[in-house]
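Numbering (this note's numbering), first residue to last: 574 to 868. We put the CB at the ideal spot given by N, CA and C, even for glycine. This report concerns only the one structure given below.
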Amino acid sequence: MISRRDLLKTSVALVAGGVIGYVAGNYIPITQKEVASTKELRIYNWQAYLNKEIVLPLFTGVMYNEKRVIVNTIYDEYNNAEEAYNKLSLGGYLYDMYNLGTEVVYKAIKNNLIIKLDHSKIPNINKLDPFIRESLKIQYPSNIDLLNYGVPYMWGTTGIVYNTKKIGTEITSLKQLFDTDFLTRYYKRIFIIDDPITTVMMIQVYLGMDFRDPRSYTREALKEVYNVLSKIAPYIVFLTTDQLIQELIRESVYAGIAWNGDALQAIAQKEDLVYVVPEEGSDLWIDLWTIANNA
Numbered sequence: 574m575i576s577r578r579d580l581l582k583t584s585v586a587l588v589a590g591g592v593i594g595y596v597a598g599n600y601i602p603i604t605q606k607e608v609a610s611t612k613e614l615r616i617y618n619w620q621a622y623l624n625k626e627i628v629l630p631l632f633t634g635v636m637y638n639e640k641r642v643i644v645n646t647i648y649d650e651y652n653n654a655e656e657a658y659n660k661l662s663l664g665g666y667l668y669d670m671y672n673l674g675t676e677v678v679y680k681a682i683k684n685n686l687i688i689k690l691d692h693s694k695i696p697n698i699n700k701l702d703p704f705i706r707e708s709l710k711i712q713y714p715s716n717i718d719l720l721n722y723g724v725p726y727m728w729g730t731t732g733i734v735y736n737t738k739k740i741g742t743e744i745t746s747l748k749q750l751f752d753t754d755f756l757t758r759y760y761k762r763i764f765i766i767d768d769p770i771t772t773v774m775m776i777q778v779y780l781g782m783d784f785r786d787p788r789s790y791t792r793e794a795l796k797e798v799y800n801v802l803s804k805i806a807p808y809i810v811f812l813t814t815d816q817l818i819q820e821l822i823r824e825s826v827y828a829g830i831a832w833n834g835d836a837l838q839a840i841a842q843k844e845d846l847v848y849v850v851p852e853e854g855s856d857l858w859i860d861l862w863t864i865a866n867n868a
């Protein structure tokens with residue numbers, strides 16, 4: 574499965590109850606007599622994570638109590654996990670469906686912000702890759718099963734993407750990337766993706782911490798993270814996903830921390846770019862579709 578923020582050219586939607594209204598790509602008009610009601614479906618998703626032209630029309634005419642329902646779809650996108658959580662924390666008043674990373678799903682479960690799913694209505698959940706199931710178990714406590722609250726959509730890694738022509742040397746570690754001499758030499762040419770959760774996690778990895786361990790979030794541990802960020806911040810730039818792809822292609826930046834999907838998009842258009850998982854390690858992220866409370 575290709576990874577986070579990779580612009581999908583084709584997409585597949587799994588819709589409980591089946592998808593009605595499209596046959597061989599042609600819309601079937603729904604008469605007023607057939608319509609049970611008009612509903613509104615509000616979706617909040619990562620930027621460039623779904624082909625709207627293909628997927629959203631699938632929701633137009635779905636079956637509900639043997640009647641077709643007209644669904645008006647509102648679809649918005651976000652750039653970082655904190656932005657999504659802030660919207661979700663308001664309850665199901667802004668959006669119904671959220672595509673969220675595991676760290677946000679876990680936080681949402683603890684704060685009762687998303688509903689528990691009925692797996693009897695999602696039969697394909699049984700076909701989920703065992704690798705994904707095991708990864709979720711490893712990342713989070715056994716008493717909380719994220720699959721009870723979300724359906725995995727994409728997975729991938731966070732790593733380093735860099736321009737071999739501009740840097741001129743192999744980069745294999747966060748230690749190299751965050752080295753003061755290196756940052757001075759490439760002043761404002763090094764970037765970190767503008768996502769607070771990812772930034773903290775990768776600095777924790779750099780410091781040798783286990784971001785799955787609650788002890789990595791004590792006041793003392795977070796102060797260490799803050800100190801590193803304060804040290805490197807004057808030398809780097811923070812870029813959103815769409816920005817970093819374009820800036821790498823333009824060679825406005827030479828190296829930085831990115832999700833592999835973004836890195837692959839840039840590499841496809843710039844042969845001098847490579848992507849590596851740091852020697853210190855990385856996070857294996859998984860994004861899941863969830864339903865907000867009060868949706």
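CA-to-CA distance, residue j to residue i, given in whole angstroms
| i | j | result |
| --- | --- | --- |
| N721 | L690 | 6 Å |
| A865 | Y760 | 43 Å |
| I770 | G723 | 19 Å |
| K694 | I688 | 14 Å |
| I822 | F764 | 14 Å |
| Y658 | L686 | 9 Å |
| K738 | G854 | 25 Å |
| K843 | T863 | 35 Å |
| A806 | H692 | 45 Å |
| N652 | Q816 | 11 Å |
| Y779 | A836 | 20 Å |
| D752 | L663 | 40 Å |
| A868 | E613 | 10 Å |
| S558 | D768 | Only positions 574 to 868 of the chain appear in this structure, which leaves residue 558 out of reach. |
| P725 | F704 | 12 Å |
| V801 | E676 | 22 Å |
| P851 | G781 | 12 Å |
| A681 | T742 | 42 Å |
| Y647 | D702 | One detail in the question is off: residue 647 reads as Ile in this sequence, not Tyr. Cα to Cα, I647 sits roughly 30 Å from D702. |
| V826 | E793 | 33 Å |
| R873 | Y668 | With the chain represented from 574 up to 868, any question about residue 873 goes unanswered, as that position is not in the structure. |
| I717 | I859 | 16 Å |
Where residue i falls: helix, strand or coil (DSSP)
| i | result |
| --- | --- |
| Y808 | helix |
| K612 | strand |
| T730 | strand |
| T813 | coil |
| V724 | strand |
| E852 | coil |
| N736 | strand |
| I711 | helix |
| A865 | strand |
Residues bridged to residue i [DSSP beta-bridge criterion]
| i | result |
| --- | --- |
| Y617 | D649 and Y671 |
| L857 | T730 |
| A828 | Y735 and I763 |
| V677 | DSSP lists no partner for V677. |
Rounded Cβ spacing between residue i and residue j (contact assumed at less than 8 Å)
| i | j | result |
| --- | --- | --- |
| V810 | G732 | The Cβ separation is near 18 Å, so there is no contact. |
| T730 | N833 | 5 Å |
| V773 | L719 | About 20 Å separates the two Cβ atoms, so there is no contact after all. |
| T745 | Y808 | Contact flag wrong, Cβ pair sits at about 20 Å. |
| M775 | L747 | 7 Å |
Option in the options with minimal Cα separation from residue i
| i | options | result |
| --- | --- | --- |
| P630 | N618, A621, Y622 and V644 | V644 |
| L861 | G674, I682, D718 and L663 | G674 |
| E650 | E793, M670 and D856 | M670 |
| I840 | I830, Y735, Y713 and E613 | Y735 |
| L709 | N697, R615 and R785 | R785 |
| K546 | E743, S789 and L661 | Outside the shown range of the chain, which is 574 to 868, sits residue 546, and nothing can be said about it. |
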